[in-house]
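In our numbering, the protein residues as written are 1 to 47.
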């Protein structure tokens, strides 16, 4: 039973490692841009 869960855990870790790089970069960029976009829209609404 534990051998199966260990194998599943390793497979899950491999999948997350594969996606952690690109997805992490995209998430960081999106989180960084979100406040800038919101501020820009708020500033435009004042004009």
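Virtual Cβ for every residue (Gly too), placed ideally from N, Cα, C.
Tell me which same chain residues have a C-beta within less than 6 Å of the C-beta of residue i, skipping the five on either side of it?
i: residue 30; result: none
For residue i, which residues in the same chain have their Cβ closer than 8 Å to its Cβ, ignoring the five residues on either side in sequence?
i: residue 41; result: none
Excluding five sequence neighbours on each side, which residues of the same chain lie with their C-beta closer than 7 Å to the C-beta of residue i?
i: residue 26; result: none
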